[in-house]
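This report concerns only the one structure given below.
Residue numbers (this note's numbering): 507 to 863.
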């Protein structure tokens, strides 16, 4: 397997907006100018064509709707089975959950492809550049990369330790502070704030078929594809971590996601090649490719690379544990205390023994 290159820090002016937790980004509002030039140019071309078609009284074809909804459904299935919004309190309840920065995540639903999924507004807005670029039949759209990461930025190193439990041996490994440090190019030390759990890549490859495919047939094949994806994401190790963290409101660990169109190294993130219980990257990660789905705008393909050991948790430091023990009654284990317990036990036994004379 080729070495995996992790995404790097990127400002909103050079990459699509990432869905970070409150400590990363106070707002989800990002201007369209922040997207990469190749996405902006493709989206602009489609927008101009759409405006002409709209002026002529035209409407999007069924094939175009399927293409755009394919992006939405794939992202929704993955994010819904991973993302733990801060202060969500499980499923959030009500009409929405807070996603940080005072943003309300609407609890809308998407029933396309005979599979109902949540359709959060931030995710829907983030996908617009890819959905527009996919309609430009002259240029192949950029890949949609969805990174799923564990946010450890709220971990208190003075009182909490990050633990990774091996899924086979069940041994618990403490992750030291040195393992959670990286370096900038200028040598500056950086504390890692996230741990990459999975990276998904959805591509729509050209060429365009010479003969348009029947939309009902494409829809049927897509529905089968998403049923398979829906089941598969719940079999991966990261889903077990998601279930464990989902109901722990106020915990130090959260799962986040971000969208991008290219892979770059991030110095503040432990990538898939780091922090393995076995110590060997080759046995610590795996990958899976899904079957192709042919459409009138190209061939959809989905691939995932994921971490095999995702059983992360937190533990109190040895100092905190020592303080807990010193708070116990110092006379509890004294000989006199044990004599009283033994005497009391013996008396109660003989009191119940009918053979006692």
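Just so you know, even glycine gets a beta-carbon here, dropped at the ideal spot from N, CA and C.
Item: Of all the options 765, 583, 728 and 760, which has the alpha carbon lying nearest to the alpha carbon of residue 802?; Value: 728
Item: Quick check: the Cα distance between residue 782 and residue 790, rounded to an integer number of angstroms?; Value: 6 Å
Item: Are there 16 or more other CB atoms within 10 angstroms of the CB of residue 656, so buried, or fewer, so exposed?; Value: buried
Item: Report back the beta-carbon spacing between residue 867 and residue 693 to the nearest angstrom; my notes put them in contact at under 8 Å.; Value: Residue 867 lies beyond the range of the chain shown here (507 to 863); nothing can be said about it.
Item: In the structure shown, what three-state DSSP assignment does residue 589 receive?; Value: coil
Item: Compare the beta carbon distance of residue 651 and residue 769 with 8 Å and say whether it is the shorter of the two.; Value: yes
Item: What are the boundary residues of the beta strand (DSSP E) that residue 630 is part of?; Value: No beta strand (DSSP E) contains residue 630, which is instead part of the alpha helix (DSSP H) from 627–632.
Item: Can you confirm whether the region 619–630 touches the region 572–584 when touching is taken to mean that 3 or more C-beta pairs between the two stretches lie within less than 8 Å?; Value: yes
Item: Between which two residues does the alpha helix (DSSP H) containing residue 735 stretch?; Value: 721–738
Item: What is the DSSP secondary structure of residue 620, reduced to helix, strand or coil?; Value: helix
Item: Taking Cβ to Cβ, would you say residue 763 is nearer than 8 Å to residue 630?; Value: no
Item: Should residue 558 be labelled buried (16 or more other beta-carbon atoms within 10 Å of its own) or exposed?; Value: Unreliable placement is indicated for residue 558, whose pLDDT of 37 sits below 50; the coordinate value is still reported in the next sentence. Exposed.
Item: Return helix, strand or coil for residue 769, following the three-state DSSP convention.; Value: coil
Item: If contacts are defined as beta-carbon pairs under 8 Å, then residue 758 and residue 822 qualify, I think. What distance do you get, rounded to the angstrom?; Value: No, residue 758 and residue 822 are not in contact; Cβ-Cβ is about 11 Å, not under 8 Å.
Item: So, using beta-carbon positions, are residue 654 and residue 703 closer together than 8 Å?; Value: yes
Item: For residue 568, which residues from the same chain have a beta carbon less than 6 Å from its beta carbon, with the 5 sequence-adjacent residues on both sides left out?; Value: 721
Item: Within this structure, are the beta carbons of residue 867 and residue 808 separated by less than 8 Å?; Value: Here the chain covers residues 507 to 863 and nothing more, so residue 867 does not appear.
Item: Would you say residue 577 and residue 633 are within 8 Å of each other, going by their C-beta atoms?; Value: yes
Item: Per DSSP, residue 678 forms a beta bridge with which residues?; Value: 671
Item: How is residue 745 classed by DSSP in three states: helix, strand or coil?; Value: helix
Item: Just the Cα atoms here: how many angstroms apart are residue 635 and residue 617?; Value: 22 Å
Item: Between residue 920 and residue 590, which are expected to be in contact by the criterion C-beta below 8 Å, what is the C-beta distance as a whole number of angstroms?; Value: No information on residue 920 is available, as it lies outside the stretch 507 to 863 that the chain covers here.
Item: Ordered along the chain, which non-local residues of its own chain (more than five positions away) have a Cβ less than 6 Å from that of residue 735?; Value: 583
Item: Give the straight-line distance between the Cα atoms of residue 701 and residue 640, rounded to the nearest whole angstrom.; Value: 31 Å
Item: Could you give the first and the last residue of the continuous beta strand (DSSP E) run that contains residue 807?; Value: 804–813
Item: Using alpha carbons as the reference points, say which of 679, 760 and 754 lies closest to residue 659.; Value: 760
Item: The beta strand (DSSP E) with residue 690 in it runs from where to where?; Value: Run containing residue 690: none; DSSP gives neither H nor E here.
Item: Classify residue 707 as helix, strand or coil using the three-state DSSP reduction.; Value: strand
Item: Quick check on DSSP: helix, strand or coil for residue 905?; Value: Any question about residue 905 goes unanswered here, given that the chain covers just 507 to 863.
Item: Starting from the C-beta of residue 732, find all residues in its chain whose C-beta is less than 8 Å away, skip the five residues before and the five after it, and write them out in chain order.; Value: 579, 580, 583, 619 and 621
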